[in-house]
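Trainee:
Residue numbers (the working numbering), protein chains in the order written: chain A, 28 to 221; chain B, 28 to 221.
Right, here's the structure in full:
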């Protein structure tokens with residue numbers, strides 16, 4: 028574990044039907060490493076984790092995503108589950124939060140179907156990433172360079188394909204959050220890790 | 028109901044987590060109008076309909092999609108449900124069947140999340156269609172002209188957004204199946220209903 032994660036504030040954005048283990052594993056790892064983790068969702072109340080298509084446990088929302096600001100957080104984690112990003116991508120505040128996070132250069136982790144949110148936020152253009160294979164066509168059509176690897180890091184964006192990839196995903200995520208902000212590629216400048 | 032549907036053979040392609048009512052309503056309407064309806068799926072055995080995220084009834088697969096030929100059927104119907112097309116789009120035989128069906132000019136109905144299969148088959152380019160709003164960006168990125176209407180017909184492709192649209196979807200579907208094959212737009216010829 029990376030000591031430099033200590034005290035960092037990490038937002039998890041999810042809604043109904045998130046793949047439970049894709050939230051709980053990074054959550055526990057980050058919490059144990061001393062990070063402050065929070066569950067954000069479009070609405071107050073409870074949401075349910077799922078094991079694939081079966082409803083699992085109940086989770087309490089810490090904060091409504093529309094009230095959150097990117098500058099209050101050091102990193103963003105997006106669990107998958109087919110229904111979760113499918114619903115989140117229709118929420119303007121959630122999509123805007125994801126877009127601003129990526130544009131800020133702060134670390135963003137997205138696993139399984141969660142890269143749909145990156146597609147919706149139109150931030151995959153020219154980026155190399157992976158996802159659950161079912162959405163690779165959507166990633167490519169949005170201008171992303173989709174690859175079939177257990178974990179991919181592109182300037183602070185950490186992506187993985189599925190629950191089996193969680194150990195590699197969590198390792199890279201913790202590493203990136205420890206490193207902090209990456210500078211984004213802009214016209215006339217080169218992309219460099221700060 | 029359209030008498031010209033009588034005796035026509037209609038394939039429904041679905042897998043686990045299809046939105047049950049999006050299969051049963053067109054199925055019943057077509058069966059009552061005298062069509063021969065069949066449930067095709069990537070694998071033999073049983074699949075489950077869902078009411079949104081809750082498992083509902085068990086359905087028996089009539090035929091494996093990889094053994095089916097487009098020229099054996101007069102029309103294709105694709106129910107939605109977020110998990111169903113998400114899984115089907117990874118099945119090469121299912122995607123190939125959908126692509127060949129659209130290319131044949133025979134009527135194809137797709138509701139809710141099912142237009143993801145049209146995206147995967149790369150047959151939405153230049154076409155006007157609707158879908159569940161969560162996937163509009165994927166439809167647009169694939170070159171489709173996405174519109175927010177209860178039912179859209181574009182040269183034999185009938186699309187709708189959600190279960191509430193089913194009455195309009197079923198009406199148009201029956202009408203299109205009654206009319207039969209539409210000629211596709213090709214270079215040097217105009218699109219005309221045959």
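Cβ atoms here follow ideal geometry from the backbone N, Cα and C, with glycine treated the same way. Please read these numbers as outputs of a predicted model, since none were measured by experiment.
1) Quick one: which residues of the stretch 138-171 of chain A get their C-beta closer than 7 angstroms to a C-beta of chain B? List them in chain order.
2) For residue 26 of chain A and residue 105 of chain A, I'd like the C-alpha separation in whole angstroms.
3) Which residues in the same chain have their Cβ closer than 6 angstroms to the Cβ of residue 44 of chain B, if we skip the five residues on either side of it in sequence?
4) Going by C-alpha to C-alpha distance, which of A/55, A/61, A/72, A/175 sits closest to residue 7 of chain A?
5) How should residue 47 of chain B be labelled, buried or exposed, when 16 other C-beta atoms within 10 angstroms of its C-beta is the threshold for buried?
6) Under 9 angstroms Cβ-Cβ, which residues of chain B neighbour residue 80 of chain A?
7) Could you check whether residue 201 of chain A and residue 38 of chain A sit closer than 8 angstroms to each other, using their CB atoms as the reference points?
8) Name the one or two DSSP bridge partners that residue 39 of chain A has.
9) Would you check if there are 3 or more beta carbon pairs closer than 8 angstroms linking the stretch 89-96 of chain A to the stretch 120-135 of chain A?
10) Between residue 80 of chain A and residue 188 of chain A, what straight-line distance do the alpha-carbon atoms span, to the nearest angstrom?
11) Using a Cβ-Cβ cutoff of less than 7 angstroms, which residues in the same chain neighbour residue 203 of chain A once the five nearest sequence positions on both sides are dropped?
12) What is the residue span of the beta strand (DSSP E) that residue 81 of chain B lies within?
13) Note down, in chain order, every chain B residue with its Cβ under 7 angstroms from the Cβ of residue 116 of chain A.
14) Near residue 33 of chain B, what residues of its chain come up, given a Cβ to Cβ distance below 6 angstroms and the 5 sequence neighbours on each side ignored?
15) Against residue 192 of chain A, what residues of chain B qualify as contacts under a CB-to-CB distance less than 8 angstroms, listed in chain order?
16) Under a CB-based cut-off of 8 angstroms, is residue 113 of chain B close to chain A?
17) Would you tell me roughly how many angstroms separate the C-alpha atoms of residue 207 of chain A and residue 102 of chain A, rounded to the nearest one?
18) I need the DSSP call for residue 131 of chain B, collapsed to helix, strand or coil.
19) Taking the alpha carbon of residue 167 of chain B as the reference point, which residue from B/55, B/176, B/151, B/177 has its own alpha carbon closest?
20) What is the rounded straight-line gap between the Cα of residue 117 of chain A and the Cα of residue 88 of chain B?
21) Have a look at B/143, B/114, B/70 and flag the residue whose alpha-carbon is nearest the alpha-carbon of residue 163 of chain B.
22) Hey, out of A/138, A/74, A/148, A/170, whose CA is closest to residue 130 of chain A's CA?
23) Within 10 Å of its beta-carbon, does residue 223 of chain A have 16 or more other beta-carbons around it, so buried, or fewer, so exposed?
24) Just to confirm, is the Cβ distance from residue 175 of chain B to residue 157 of chain B under 8 angstroms?
25) Could you check what DSSP says for residue 201 of chain B in three-state terms: helix, strand or coil?
26) Taking residue 194 of chain B as the reference, give the member of B/31, B/42, B/53 with the closest Cα.
27) Compare the Cα-Cα distances from residue 9 of chain B to each of B/172, B/138, B/136 and report the closest residue.
28) Tell me which same chain residues have a C-beta within less than 7 angstroms of the C-beta of residue 128 of chain B, skipping the five on either side of it?
29) With a 10 Å radius around its C-beta and 16 neighbouring C-beta atoms as the bar for buried, classify residue 42 of chain B as buried or exposed.
30) Would you kindly work out how many angstroms separate the C-alpha atoms of residue 214 of chain A and residue 132 of chain A, rounded to a whole number?
31) Tell me whether residue 192 of chain A is buried or exposed, calling it buried when 16 or more other Cβ atoms sit within 10 Å of its Cβ.
32) Ordered along the chain, which non-local residues of its own chain (more than five positions away) have a Cβ less than 8 angstroms from that of residue 83 of chain A?
33) Residue 190 of chain A: which of A/67, A/137, A/58 sits nearest, CA to CA?
34) Between residue 58 of chain B and residue 64 of chain B, how many whole angstroms is the CB-CB distance? I'm expecting something under 8 angstroms.
35) In angstroms with no decimal places, state the Cα-to-Cα distance between residue 51 of chain A and residue 66 of chain A.
Mentor: According to the structure data:
1) 146, 147, 160, 161, 164, 165, 168, 169
2) One cannot answer for residue 26 of chain A here, as it falls past the ends of chain A, which runs 28 to 221.
3) So the qualifying residues of the chain are 77, 108, 110, 111.
4) What the structure shows of chain A is the stretch from 28 to 221, and residue 7 of chain A is not part of that stretch, so it cannot be assessed.
5) buried
6) 43, 44, 75, 77, 80, 82, 110
7) no
8) A/66, A/104
9) yes
10) For residue 80 of chain A and residue 188 of chain A, the distance between alpha carbons rounds to 17 angstroms.
11) 134, 180, 183, 185
12) 81-87
13) Residues of chain B passing the Cβ test: 161.
14) 61
15) The CB of residue 192 of chain A never comes closer than 8 angstroms to any CB in chain B; the least such distance is about 17 angstroms.
16) yes
17) 8 angstroms
18) helix
19) B/151
20) 33 angstroms
21) Scanning B/143, B/114, B/70 for the CA closest to the CA of residue 163 of chain B turns up B/143.
22) A/148
23) Residue 223 of chain A is absent from the structure shown; chain A starts at 28 and stops at 221.
24) yes
25) helix
26) B/53
27) Chain B is shown from 28 up to 221; residue 9 of chain B falls before or after that span and cannot be answered.
28) Excluding five sequence positions before and after residue 128 of chain B, the CB atoms of its chain that fall closer than 7 angstroms to its own CB belong to 97, 103, 135, given in chain order.
29) By the neighbour-count rule (16 or more Cβ atoms within 10 Å), residue 42 of chain B is buried.
30) With a pLDDT of 44 at residue 214 of chain A, under the threshold of 50, the predicted position of this residue should be treated as unreliable, though the coordinate-derived value follows. When only Cα atoms are considered, residue 214 of chain A and residue 132 of chain A end up about 15 angstroms apart.
31) buried
32) 47, 75, 76, 77
33) A/137
34) So it is a contact: roughly 5 angstroms between Cβ atoms.
35) Rounded to the nearest angstrom, the two C-alpha atoms are 11 angstroms apart.
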